[in-house]
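Since the structure comes first, as structure tokens, the remarks are kept for the end.
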Amino acid sequence: MNIAVLGQGPIGLPLAMAAFETGHHVIGFEPRSRCLEQLRAGVSPVKGIPDHALQAALKSGRYRATCDEELLTGFDVAVIAVPTPQNAQVADLGAVRKAAETLARHVRRGTTVVLESTAAHPGTTRKIVRPILEALSWMRAGVGFHLGFSPARIEPGSEQWSLTNPPKIVSGLTEKCRNQVEAFYTGITQNVMPANSLEEAELAKVFEDTFRYVNNALVNELCRVAHTLDVAAGHALALSGSDPFGFATFTPGPGPDGHGLPVDPVHLIQHGAPQEKAFRLVELAQEINEAQPAYVVGRLEDGLGTRRCRDLKGARVLALGLACRTVTGSRRSPAAEVVVELERRGALVDVVDPLVTDGPHPLGAPLPYPSYDAVVLLTVHDGFDLARVTAESGYVLDTQGVMPDAPHIERL
């Protein structure tokens with residue numbers, strides 16, 4: 004089949020590669036020029052998709068990265084996998100609308116369109132995507148073409164989970180639509196789970212991300228309480244994790260990262276239910292999580308004062324890790340917010356991250372840890388030599404709980 008995947012980021016590129024590997028011809032539509040240049044050069048912008056896999060797909064001729072809309076003509080299945088950023092507390096579906104408009108000009112009778120973008124609140128497929136497709140294609144969804152929703156479940160870089168092995172939820176506007184969506188994903192993933200409606204699948208996805216978001220807030224608040232009690236939060240959490248009766252393990256950090264966080268909880272607050280204050284717990288979790296980067300900076304400031312007799316203003320700070328665990332760049336990254344807050348308070352900050360290429364230190368070059376007043380570990384990446392960080396740094400704030408015990412290392 005001819006498959007079109009709109010958006011070649013952390014959702015779209017793994018799907019495009021999976022479709023390619025199962026024998027389909029794939030158009031990877033990517034309007035962002037920088038990302039498109041990387042793709043065409045065979046450089047993967049997504050952790051978990053190695054360069055050699057992308058290069059092999061390009062060389063075969065069955066995968067093509069493009070921004071040329073005309074190449075979408077003739078698709079059998081098209082998947083919308085574009086980003087849904089959060090702007091000023093509002094989840095932005097502008098890219099989804101634009102992708103639907105683009106696809107609508109190429110929809111033919113019998114084709115299938117699937118929305119997979121993160122942060123599709125209940126009603127997005129039916130009330131936003133469907134009218135756009137119908138208006139511009141001059142066909143009715145469920146009659147002229149098939150329409151479905153299948154939420155992305157990805158953990159880029161994970162050795163355990165890929166696109167193909169988590170259960171895959173599928174849904175459709177009609178039963179026939181759902182069957183078409185199910186048939187497509189059955190050929191790519193190992194375990195397809197049909198939902199009864201578009202809204203059921205959308206709510207399931209929003210809720211699973213919100214579950215993580217709320218528990219991130221809970222564990223971050225526990226971290227603050229533990230600090231005031233002079234208790235090691237990580238050790239207390241490890242003990243709690245021995246509970247076999249339904250305990251879910253979460254760890255503190257600078258804030259929740261990853262796809263759907265924090266955009267899906269915002270959607271749940273904005274669109275979840277008609278009654279006022281329907282999701283007060285989610286709103287409280289949002290308040291806690293949004294304050295976490297400032298809390299991390301406050302802890303670093305206290306540590307500099309007590310351990311190094313140094314004010315934060317004017318201090319040299321090395322931040323390790325800026326991007327989320329997912330893709331090149333720092334979109335939706337709480338680590339980036341920590342850096343912004345450090346600079347706002349007058350710290351002189353350098354950043355090193357293997358996924359962010361414009362930092363002051365070339366990747367692989369020896370880092371001058373002793374020259375910094377403090378090192379803050381914000382995100383764990385394979386390229387970091389934590390043994391050297393431990394041996395050569397004067398003071399380290401470990402927000403990830405992965406550094407060894409040492410007098411000069413402080414954990415959240």
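Residue 4 is where the sequence shown starts when you use this note's numbering, and the numbers rise one by one after that. Using N, Cα and C, we set each Cβ at its ideal position, and we do this for glycine too.
- Runs of the alpha helix (DSSP H) spanning 4 or more residues and lying entirely within the stretch 99-150 occur at 133-140, in chain order.
- Buried is the label assigned to Ser-120, since at least 16 other Cβ atoms lie within 10 Å of its Cβ.
- If you check the CB distance, Ser-153 and Lys-130 do not come in under 8 angstroms.
- Gln-193 counts as exposed, since fewer than 16 other beta carbons sit within 10 angstroms of its beta carbon.
- Take Ala-409, set aside five residues on each side of it, and the residues of its chain with a beta-carbon closer than 7 angstroms to its own are Thr-393, in chain order.
- In the DSSP assignment, Phe-32 falls within the unbroken beta strand (DSSP E) covering 28-32.
- Between Arg-319 and Leu-351, the C-beta spacing is below 8 angstroms.
- Residue Glu-293 holds the alpha-carbon nearest to the alpha-carbon of Val-341 among Glu-293, Ser-396, Asp-314 and Gly-306.
- By the C-beta density criterion, Glu-344 is buried, having at least 16 other C-beta atoms within 10 angstroms.
- Residue state for Met-196 is assigned as strand, using DSSP reduced to three classes.
- For Pro-88, the CB contacts under 6 angstroms within the same chain, skipping 5 residues up- and downstream, are Asp-95 in chain order.
- In its chain, beyond the 5 residues on either side, Glu-104, Ala-107 and Arg-108 have a beta carbon closer than 7 angstroms to the beta carbon of Leu-139.
- Closest by C-alpha distance to Pro-255, out of Leu-232, Val-228 and Lys-208, is Val-228.
- Per DSSP, Lys-179 is one residue of the alpha helix (DSSP H) stretching across 178-189.
- Rounded to the nearest angstrom, the Cβ distance from Pro-371 to Gly-397 is 12 angstroms, too far for a contact under 8 angstroms.
- In the pairwise beta carbon analysis, the stretch 205-215 is classified as not touching the stretch 231-247: fewer than three pairs are separated by under 8 angstroms.
- With at least 16 other beta carbons inside 10 angstroms of its own, Thr-402 counts as buried.
- Taking the C-beta atoms as reference points, Leu-136 is found no nearer than 8 angstroms to Ala-123.
- It is roughly 17 angstroms from the alpha-carbon of Thr-177 to the alpha-carbon of Ala-81.
- Of the other Cβ atoms in all chains shown, fewer than 16 fall within 10 Å of the Cβ of Asn-199; this residue is therefore exposed.
- DSSP places Leu-75 in no alpha helix (DSSP H); its state is neither H nor E.
- For Phe-152, the three-state secondary structure derived from DSSP is strand.
- A buried status is given to Ala-60, since no fewer than 16 other beta-carbon atoms sit within 10 Å of its beta-carbon.
- Selection Ala-155, Pro-17, Pro-169 and Gln-289 evaluated against Leu-206 yields Ala-155 as nearest (Cα-Cα).
- Between the stretch 27-42 and the stretch 58-75 there are three or more inter-stretch CB-CB distances shorter than 8 angstroms, so the stretches are counted as touching.
- Residue environment for Lys-316: exposed (fewer than 16 other C-beta atoms within 10 angstroms of its C-beta).
- The shortest CA-to-CA distance from Arg-313 to any of Pro-257, Asp-376 and Leu-323 is the one to Asp-376.
- Counting every other CB atom within 10 Å of its CB across the protein chains shown gives Glu-413 a total of 16 or more, marking it as buried.
- Secondary structure at Leu-303: helix, using DSSP grouped into helix, strand and coil.
- Between Pro-13 and Val-49 the beta-carbon gap is near 5 angstroms, inside 8 angstroms, which marks them as a contact.
- The beta-carbon distance between Gly-77 and Asn-5, rounded to whole angstroms, is 6 angstroms. This is short enough to meet the 8 angstroms contact definition.
- Only exposed fits Val-405, as fewer than 16 other CB atoms lie within 10 angstroms of its CB.
- Taking the Cα positions, Leu-221 is about 18 angstroms away from Phe-248.
- Burial is judged here by how many other beta carbons sit within 10 angstroms of a residue's own beta carbon; His-55 has fewer than 16 and is exposed.
- In the assembly as shown, Lys-179 is an exposed residue. Its beta-carbon has fewer than 16 other beta-carbons within 10 Å.
- Counting along the chain, Tyr-372 sits inside no beta strand (DSSP E), nor does DSSP assign it H or E at all.
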